[in-house]
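Trainee: Below you'll find the structure I mean.
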Amino acid sequence: MVQTRFPIAAVALLACTATASAQMLPPPARPAAPKAAAPSPRAASCHNGASFDRFLADVKQQAVAEGVSQRALAEAAPYLTYDQSIVNRDRGQRVFGQVFTEFSRNRASEGAARNAQARIKMHAAAFARAEKEYGVPPAVIAAFWGLESSFGAELGKLHTLPSLVSLAYDCRRSEMFQKETIAALKIIDRGDLSPSEMIGSWAGELGQTQFLPTHYFNYAVDYDGDGHRDLLRSAPDVIGSTANYIATGLKWRRGEPWLQEVRAPTNFPWDQADLTIKLPRAKFAQLGVTYPDGRPLPNDDLPASLLLPMGRTGPAFLAYANFAAYTEWNNSLIYSTTAAYLASRIAGAAPMRQSAVPVVQLPLNELKELQQHLVRAGFNVGKVDGVMGQLSRTAVKAMQIKYGLPADSWPTAELLARMRGGTAQVQPQATVR
Numbered sequence: 026m027v028q029t030r031f032p033i034a035a036v037a038l039l040a041c042t043a044t045a046s047a048q049m050l051p052p053p054a055r056p057a058a059p060k061a062a063a064p065s066p067r068a069a070s071c072h073n074g075a076s077f078d079r080f081l082a083d084v085k086q087q088a089v090a091e092g093v094s095q096r097a098l099a100e101a102a103p104y105l106t107y108d109q110s111i112v113n114r115d116r117g118q119r120v121f122g123q124v125f126t127e128f129s130r131n132r133a134s135e136g137a138a139r140n141a142q143a144r145i146k147m148h149a150a151a152f153a154r155a156e157k158e159y160g161v162p163p164a165v166i167a168a169f170w171g172l173e174s175s176f177g178a179e180l181g182k183l184h185t186l187p188s189l190v191s192l193a194y195d196c197r198r199s200e201m202f203q204k205e206t207i208a209a210l211k212i213i214d215r216g217d218l219s220p221s222e223m224i225g226s227w228a229g230e231l232g233q234t235q236f237l238p239t240h241y242f243n244y245a246v247d248y249d250g251d252g253h254r255d256l257l258r259s260a261p262d263v264i265g266s267t268a269n270y271i272a273t274g275l276k277w278r279r280g281e282p283w284l285q286e287v288r289a290p291t292n293f294p295w296d297q298a299d300l301t302i303k304l305p306r307a308k309f310a311q312l313g314v315t316y317p318d319g320r321p322l323p324n325d326d327l328p329a330s331l332l333l334p335m336g337r338t339g340p341a342f343l344a345y346a347n348f349a350a351y352t353e354w355n356n357s358l359i360y361s362t363t364a365a366y367l368a369s370r371i372a373g374a375a376p377m378r379q380s381a382v383p384v385v386q387l388p389l390n391e392l393k394e395l396q397q398h399l400v401r402a403g404f405n406v407g408k409v410d411g412v413m414g415q416l417s418r419t420a421v422k423a424m425q426i427k428y429g430l431p432a433d434s435w436p437t438a439e440l441l442a443r444m445r446g447g448t449a450q451v452q453p454q455a456t457v458r
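Under this note's numbering, the final residue of the sequence shown carries the number 458; numbering is consecutive throughout.
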């Protein structure tokens, strides 16, 4: 769960949901141990010019200081090699334009929900135990399990240690991946996995719910009683560990909801639709928000936010305190909303209401242009890349308020035209239903 996925206009491609799995999956095919490759000279700039070998010696020394044994270091040694292709892949991450309805249609379909429900029945004892011990509903665990690896069908095919140590030597996220490298060594030292068994994604994520090594070391539990925490092959360990991480690491609130679809009236004060604004459900009811079928919301004080992943003409949800666990798991608004929506579907919620009006999505080049205008207006939008994350959404809302437009944080052609300094006709854009 590397927190570098992309919100609003782009999101990393995820594996399709598979249809079959067993209680104990066969181990992934193990590629040969990696061969050492020449390190990139440019990568050493943040390490005072140290070579990769010198840097690696320092990492090993730090690992020993944190309790990693010489035995574990010796086992890991053949895999602690630099791989420039991993660094290139990290720097060249590509995104594609998909809005929430497109992404959720593929990843949170009726078939995906039924598949997850079948997994819950298949592993009923482990799910029941996890819910009792950690308070995390089976639907929440199963949604992440399906999205992250198609229930173990897509675990990745690369050795973990070369990925981690290469990204640690590179300067983009060096400190983060030094910690992840040492955590992986601790997993080996604890006896959960051998270096050759550590096979996963190119970014070093491991197991059927794609834990970073720090999460694996801190939250993995032995739910099948074999003395190991095996998140690659043991379904009970995956279920228990994922529940532990959600409850303990992400602060899940037992017995509380996470996301519910609603319908907002056309005269709703759209500037109040924001994850940073929390109102009692009774207040939303006063403002005309109902369930999709028109039923009234409960007249209570449970705080929630009105989430509009595609603006006022797209789907609308009440996001509760537990929704923060989803945005912590993955900071992409598309992914986190899809995961929460899928969990609600697994738990029995009705399918999402279809929008009566197509939602217009600006193309990537115009999203970048809009961000450039926002920067010139004095806003911090992070990287100008067409990815409308929280900073960009906040800036969009501020400019919508300035121009008297509906302040729903959704980037529109009208806002872009205003920020261009005129109302020149904008070319028709793609619509999404």
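By construction, the Cβ of each residue, glycine as well, lies at the ideal position given by its N, Cα and C atoms.
1) For I302, which of helix, strand or coil comes out of DSSP?
2) Between I302 and W227, how many whole angstroms is the CB-CB distance? I'm expecting something under 8 Å.
3) Based on Cα-Cα distance, which residue from L430, P383, F348, E173 lies nearest to Y366?
4) Could you tell me if A47 is buried or exposed, where buried requires 16 or more neighbouring beta carbons within 10 angstroms of its beta carbon?
5) If we ignore side chains and look at the alpha-carbon of each, how far apart do A153 and D255 end up?
6) Going by C-alpha to C-alpha distance, which of S191, G336, A167, P376 sits closest to R114?
7) Closest by CA to V385, which one among W435, E230, I212?
8) Suppose contacts are defined by Cβ-Cβ distances below 9 Å. Is L275 in contact with A168 by that definition?
9) Please list, in chain order, all residues of the same chain as K204 whose beta carbon is under 7 Å from its beta carbon, the five residues on each side excluded.
10) With DSSP as the reference, please indicate the residues paired to S330 in a beta bridge.
11) Where do the ends of the beta strand (DSSP E) carrying V287 lie?
12) Based on the DSSP output, what are the partners of A224 in its beta bridges?
13) When you compare the CB positions of H253 and L218, do they come within less than 9 Å of one another, or not?
14) Given 8 Å as the limit, tell me if L172 has its C-beta closer than that to any heavy atom belonging to the ligand MG.
15) Quick check on P431: does DSSP put it in helix, strand or coil?
16) Ignoring anything shorter than 4 residues or poking outside the stretch 367-408, list the alpha helix (DSSP H) runs there in chain order.
17) Is it true that the stretch 437-448 meets the stretch 380-395, where meeting means three or more beta-carbon pairs spaced less than 8 Å apart?
18) Check P59 in the structure and name its three-state DSSP category.
19) In the DSSP assignment, find the unbroken alpha helix (DSSP H) run with Q203 in it and report its ends.
20) For L312, which of helix, strand or coil comes out of DSSP?
21) Specify, as a first and last residue, the run of the alpha helix (DSSP H) that Q235 falls within.
22) Locate the alpha helix (DSSP H) running through F77, then write down its first and last residues.
23) On the DSSP bridge list, what partners appear for P321?
24) Helix, strand or coil for L231, going by three-state DSSP, please let me know.
Mentor: Per the coordinate set shown:
1) coil
2) In fact, because the Cβ distance is near 38 Å, the residues do not count as touching under 8 Å.
3) F348
4) In this prediction, A47 has a pLDDT of 35, which is less than 50 and means its spatial position is unreliable; what the coordinates show is noted afterwards. Burial call: exposed.
5) 19 Å
6) S191
7) W435
8) no
9) T239
10) A344
11) 284-287
12) The displayed chain sequence assigns Ile, not Ala, to residue 224. In DSSP, I224 forms a bridge with H184.
13) yes
14) Questions concerning the ligand MG fall outside what the structure shown contains, since it holds no ligand whatsoever.
15) coil
16) 389-401
17) yes
18) coil
19) 199-215
20) coil
21) From DSSP, Q235 is part of no alpha helix (DSSP H); its letter is neither H nor E.
22) 77-90
23) T315
24) strand
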